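Residue numbers (UniProt numbering): 1 to 517.
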């Protein structure tokens, strides 16, 4: 039985333990003899006793008082010993600062040779008022064991008893199985799409780069006026992906863009434009970097004041995803590749080894090097896992593209008709559609709404099934059903109240209350 810890437990008899409440104010020791004396005093006031009974009663009263006085004296002696032991313990541990860490041993009267270990109750901090004094020994509260949760069925699944009542539910179960397979297939396809978007497939296309300049307010074309604007020129670098079957040089083609292809700046990592330092000493180098300006642009434009013609140097560094490398002459001679990605270079080496049967038959983790591979690796045999590390010295960034353009400030505007073709990797147009498919959440919202409606209907079916089982059991055997229901509710009530060990049947009998504590 659990007890309330807010009230100190009372001693039910004489106790020689140092933890007794006899020495504490407000907690007197009640013995069995005192209780009998009080009862006898009450009986004497109501009934007339004989002389022999009165004498026996007086003797028992005297014995009870003597026993009570002896217990009080013993409790006071125990309290004095406890106070002495506490003072000794504090004096010994004053330099340590841990007063309650050790407990001295002392001998009780009558047994001086036997040592007992004194366990001191926890002390209250100094300065804290003793408002609620209670015994240091607290009764442990009994907490009921956690009920094991029943395994919750999915909201869209029908229970077996419901399926037995409704034979038509077999079709619904088949639809659930089909939905599970469809969801699994869609999830796999989405994972495949995500992986494909990480390394998007691409096709090689030709990027045509146009470099030209325009000019205005030049002295050669317009006579000088007093308040005229200063002469200006503008350098433009634009480009387009060549479409099959379309003439790229037709009028107006430069101004058209295909929305399925990346913009012009997406193909470059860095663009450097160098002007004539003698004409523009302060800012003669213009640098554009993809890392600082990730927003794609249709082209590049440089605008300056000037009236003298000069040559502009343009340096274009390509931006490859994944990164590409230029092979050394020795490795290029083996593989026949000039620029490619590291995985494709490793795959080409493996195909070269496999085609020439250079793999070591005794240790397949090594391959033998022929004359051309020895120029690359410098060894007779190489381990496959070391190839990636050894070819690093044969890989270098691809060379940039160098272009030159002469700024013309006379004649037709725009000036310049030069164009340059560069092979680039263009992702498939379907990539954008796949990205839009993953980002589209309208269909998923519609499916979620249907799932919520199905789950609500299934919950209603389960509720009606429970009601049907309730009334069906009551109609078949009302008495047994009500008894079982009351017993079940009683057990649940005990669980909720935190008293699972109580037995109402035993508490109904007086033998339960006559048991020892």
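Each residue gets a CB set at the ideal place from its N, CA and C atoms; glycine is no exception. Quick caveat, the model's predicted, so the values are computed rather than measured.
Grab the span of the alpha helix (DSSP H) containing residue i for me, first residue to last.
i           : result
residue 290 : First-last for residue 290: undefined, no H or E at that position.
residue 188 : 169 to 198
residue 480 : 478 to 497
Per DSSP, what kind of secondary structure is residue i in: helix, strand or coil?
i           : result
residue 29  : Annotation note: pLDDT 42 at residue 29 (below 50); position unreliable, coordinate value reported separately. Three-state result, residue 29: coil.
residue 316 : strand
residue 150 : Legend: pLDDT at residue 150 = 49, less than 50; position of this residue unreliable, no value from coordinates given.
residue 156 : coil
residue 300 : strand
residue 65  : helix
residue 472 : helix
residue 308 : coil
residue 513 : coil
residue 60  : helix
residue 413 : coil
residue 265 : helix
residue 78  : helix
residue 505 : helix
residue 546 : Within the shown structure, residues of the chain are numbered from 1 to 517, placing residue 546 beyond reach of any answer.
residue 119 : Only weak support is given to the placement of residue 119: the predicted model assigns it a pLDDT of 49, under 50, and the value that follows is read from those uncertain coordinates. Coil, per DSSP.
Are the Cβ atoms of residue i and residue j separated by less than 9 Å?
i           : j           : result
residue 210 : residue 237 : yes
residue 334 : residue 358 : no
residue 262 : residue 320 : no
residue 231 : residue 305 : yes
residue 274 : residue 285 : yes
residue 416 : residue 402 : no
residue 361 : residue 343 : no
residue 461 : residue 158 : yes
residue 197 : residue 435 : yes
residue 409 : residue 301 : no
residue 271 : residue 330 : no
residue 303 : residue 290 : no
residue 288 : residue 266 : no
residue 396 : residue 214 : no
residue 193 : residue 437 : yes
residue 519 : residue 455 : Here the chain has residues from 1 to 517 only, and residue 519 is not among them.
residue 448 : residue 206 : no
residue 391 : residue 312 : no
residue 208 : residue 239 : yes
residue 340 : residue 324 : yes
residue 400 : residue 316 : yes
Give me the DSSP bridge partner(s) of residue i.
i           : result
residue 425 : 204
residue 162 : Per DSSP, none; premise fails for residue 162.
residue 210 : 238, 419
residue 404 : 313
residue 216 : 232
Would you kindly report the start and end of the unbroken beta strand (DSSP E) that includes residue i?
i           : result
residue 272 : 268 to 274
residue 233 : 232 to 241
Would you say residue i faces chain C, with C-beta separation under 9 Å as the test?
i           : result
residue 309 : In the displayed structure, chain C is absent; only one protein chain is listed.
Subject >> Ranges of the alpha helix (DSSP H) found wholly within the UniProt domain "DM2" (320 to 397), counting only runs of at least 4 >> reply: Segments of the alpha helix (DSSP H) lying fully in the UniProt domain "DM2" (320 to 397): 329 to 335, 342 to 355, 371 to 377, 387 to 390.
Original post:
At which residue ranges does the region 425 to 469 contain complete beta strand (DSSP E) runs of 3 or more residues, listed in the order of the chain?
Top reply: As far as the region 425 to 469 is concerned, it has no whole beta strand (DSSP E) run of at least 3 residues.
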